[in-house]
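See structure below.
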Amino acid sequence: MTNGIAPMDTSPAALDVLVVGAGISGLATAFGLARRGLRVEVLDAAAKPGGVIGTVRRDGCLYERGPNSALDTTPLIGELIEAAGIASERLPASEISNTRFVVKGGRPVPLPMSPGAFLATPLFSPLAKARLALEPLVRRQPAGEEEAIAHFVRRRLGREFLDYAIEPFVAGIYAGDPDRLSVPAAFPKLHALEQRYGSLIVGAILGARERKKRAETAKNTARSFSFRGGMQALTDALARAVPVVQGARAMSLSRLPDGSFAVAFDREGAPLTRHARAVVLAVPADEAARLAYPLAPEATRAMQEIQYPPVTIVATAYRRDDVDHGLGGFGFLAPRVEGRAVLGTLFSSSMFEGRAPEGQVLLTNFVGGRRNPALAEAGDDEIVEKVAAEHRALLGARAPALWNVVTRWPRAIPQYEMGHLGRIAKVAEAEKAVPGLRFCANWRGGVSVGDCIANAHATAESLGAWLRAPVTAR
Ligand SMILES: Cc1cc2nc3c(=O)[nH]c(=O)nc-3n(C[C@H](O)[C@H](O)[C@H](O)COP(=O)(O)OP(=O)(O)OC[C@H]3O[C@@H](n4cnc5c(N)ncnc54)[C@H](O)[C@@H]3O)c2cc1C
218 MTNGIAPMDT SPAALDVLVV GAGISGLATA FGLARRGLRV EVLDAAAKPG GVIGTVRRDG
278 CLYERGPNSA LDTTPLIGEL IEAAGIASER LPASEISNTR FVVKGGRPVP LPMSPGAFLA
338 TPLFSPLAKA RLALEPLVRR QPAGEEEAIA HFVRRRLGRE FLDYAIEPFV AGIYAGDPDR
398 LSVPAAFPKL HALEQRYGSL IVGAILGARE RKKRAETAKN TARSFSFRGG MQALTDALAR
458 AVPVVQGARA MSLSRLPDGS FAVAFDREGA PLTRHARAVV LAVPADEAAR LAYPLAPEAT
518 RAMQEIQYPP VTIVATAYRR DDVDHGLGGF GFLAPRVEGR AVLGTLFSSS MFEGRAPEGQ
578 VLLTNFVGGR RNPALAEAGD DEIVEKVAAE HRALLGARAP ALWNVVTRWP RAIPQYEMGH
638 LGRIAKVAEA EKAVPGLRFC ANWRGGVSVG DCIANAHATA ESLGAWLRAP VTAR
């Protein structure tokens with residue numbers, strides 16, 4: 218990280234690339250560019266790097282303010298971790314966390330992971346299970362017609378699968394509303410399965426063979442991982458490898474007559490400027506829109522339409538003996554139809570070793586999202602009491618928690634709602650119209666940490682090639 222910074226960068230294009238935003242998207246992009254031999258610097262408004270990734274230690278526990286884990290879906294993730302020098306820090310999720318619970322009838326029920334368990338599970342009625350046999354016969358949606366995930370799942374799998382499988386996962390990943398999230402934008406692999414094979418079941422079988430050839434892993438079978446020091450170990454390692462200026466809020470972006478860029482930023486009240494041949498905006502959509510407005514007004518209108526519902530997280534520690542439930546799993550998701558206060562709860566100390574001292578357990582609880590934004594914005598005491606009531610009812614908590622910590626994300630996760638791909642097409646057009654300007658953040662190409670890493674890799678690769686190409690070939 219850069220502590221002291223040059224007061225004023227007067228030489229045009231002193232840098233090859235200036236990255237604005239030091240979340241995983243910006244850091245991984247900058248890291249990729251630096252590895253390609255380019256002069257790069259990152260500006261970030263916050264006091265520390267990582268964006269929504271942040272690990273905190275308290276009373277012998279280690280909890281996450283943002284993502285608790287990532288899924289190992291592409292070899293690019295392992296390559297980045299290796300190159301950042303923290304492969305030995307990597308921590309796979311425990312075997313036991315392959316079990317995931319979904320709340321039904323007021324109790325957590327394990328999600329079936331084998332055909333036999335599926336036939337036996339009380340999560341779905343016999344009729345809903347039989348209906349699944351018809352899935353390959355359901356007609357595919359005409360190509361080019363956008364559909365919300367709720368409609369898609371009702372059409373292909375039936376209402377119960379929406380209520381007890383897909384809706385809770387949509388809440389768990391996006392904190393989103395399945396009636397609004399677009400299948401091609403938010404679930405591109407599901408969309409591709411239907412378009413290509415005409416059936417999710419047939420596609421899942423044939424697609425698995427193809428992924429094996431490409432050495433990729435489907436999200437439903439990929440292993441979760443973190444690091445011994447928590448998820449922040451990744452962003453800290455990247456921030457050590459590239460120059461990052463913290464506390465530097467980009468205020469405006471302009472293009473100079475030679476095609477390079479000037480970014481004006483504020484640091485401790487001091488106005489400063491950086492020049493670069495290219496700029497990557499790795500910030501939330503509203504900030505990217507504000508900065509890019511003078512250069513790409515139409516695209517920025519599209520970016521402003523991307524919504525971010527609030528999510529509040531409560532980290533909770535209990536004495537092990539005070540919770541009846543065995544907590545043998547990843548955690549539970551609570552479907553909307555069950556009317557619970559929480560979207561879901563992770564059994565964090567079951568997922569990863571070293572998250573709580575002997576004799577204690579650590580839970581991470583999520584409230585709010587599209588389903589219940591008002592609760593995410595309620596006072597700390599109300600949220601903590603509602604979460605505690607769920608622990609009593611669903612997990613058999615028999616004594617008060619040792620402690621709770623509330624973390625608020627007023628704008629948590631970008632929603633890939635209907636029309637999203639049209640918005641992103643405008644962003645891609647802006648990149649063509651303003652060579653050297655790129656947008657790389659979780660509102661484009663996937664919200665997961667893994668998706669951000671894959672998108673950062675693609676951005677570094679294409680921008681690196683563009684910067685190295687002779688001007689006449691661009
Ligand atoms: C509560 C929560 C839980 C999650 N859980 C998971 C999970 O378990 N697994 C998973 O894979 N994903 C999870 N995600 C999603 C994933 O963590 C995020 O999508 C991803 O980390 C976002 O990275 P980013 O770099 O795109 O954006 P951010 O992390 O939002 O980073 C943007 C950065 O831009 C900076 N910035 C903003 N404006 C300016 C400006 N004007 N000038 C300079 N800097 C600026 C900010 O300070 C910030 O550092 C979760 C997200 C949240 C919020």
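218 is the number of the first residue of the sequence shown in my numbering; add one for each residue after it. Note that beta-carbon positions come from the ideal geometry of N, C-alpha and C, so glycine has one too.
The bridge partners DSSP lists for G243 come to none.
With respect to the C-alpha of L580, the residue from L612, Y633, A454 having the closest C-alpha is L612. Looking at the DSSP output, Y280 sits in a beta bridge with V273.
Per DSSP, the continuous beta strand (DSSP E) segment holding I530 begins and ends at 528 to 536. Here L250 is not bridged, per DSSP, to any residue. If the five residues before and after G277 are omitted, its C-beta is found closer than 6 Å to the C-beta atoms of P574, all from its own chain and listed in chain order.
Between V259 and L232 the beta-carbon gap is near 10 Å, outside 8 Å, which marks them as no contact. Residue ranges of uninterrupted alpha helix (DSSP H) with 4 or more members, entirely inside the stretch 415 to 486 and ordered along the chain, are 417 to 431, 449 to 458.
Across the structure, G636 and W660 are spaced so that their CA atoms are roughly 13 Å apart. Using a C-beta cut-off of 8 Å, the stretch 467 to 482 makes contact with the stretch 506 to 519, since at least three inter-stretch Cβ pairs fall below that distance.
Where L336 is concerned, the enclosing alpha helix (DSSP H) starts and stops at 332 to 337. Residue pairing by DSSP places W620 opposite A534 in a beta bridge. 8 Å or more divides the Cβ of Q632 from the Cβ of G268. Each residue's CA atom was taken as its position, placing I303 and P292 some 15 Å apart. Between P284 and V531, the gap from beta carbon to beta carbon reaches 8 Å or more. In the three-state reduction of the DSSP assignment, Q524 falls in the coil class, being assigned neither a helical nor a strand state. A residue is called buried when at least 16 other Cβ atoms come within 10 angstroms of its Cβ; A382 meets this threshold and is buried. If you draw a 10 Å sphere on the C-beta of W620, you find fewer than 16 other C-beta atoms in it, and that means exposed. For S665, the CB falls within less than 7 Å of some heavy atom of ligand 1. K346: member of the alpha helix (DSSP H) spanning 343 to 349, first to last residue. Of the candidates E362, R324, K429, P332, the residue whose Cα lies closest to the Cα of E555 is R324. Not one heavy atom of ligand 1 is found less than 7 Å from the C-beta of S331. Between the stretch 316 to 336 and the stretch 547 to 562, the count of C-beta pairs closer than 8 Å reaches three or more; the two stretches touch. If you check the C-beta of L288 against ligand 1, you find a heavy atom less than 7 Å away. Separation of the CB atoms of V480 and R491 is rounded to 5 Å, and the pair is thereby assigned contact status at 8 Å. Relative to R307, the option among G295, S314, I313, N315 whose CA is nearest is G295. CA-to-CA, the gap between I241 and A350 works out to about 41 Å. Shortest Cα-Cα distance from A534 to any of E515, L563, M520 involves L563. A heavy atom of ligand 1 is found nearer than 7 Å to the CB of I270. E607 counts as buried, since at least 16 other C-beta atoms from the protein chains shown sit within 10 angstroms of its C-beta.
One Cα belongs to E299, the other to I600, and the distance between them is close to 40 Å.
With a cutoff of 8 Å on beta-carbon distance, D539 and A487 are scored as not near each other.
For the options P405, H674, A682, the alpha carbon positioned closest to that of A245 is the one of H674.
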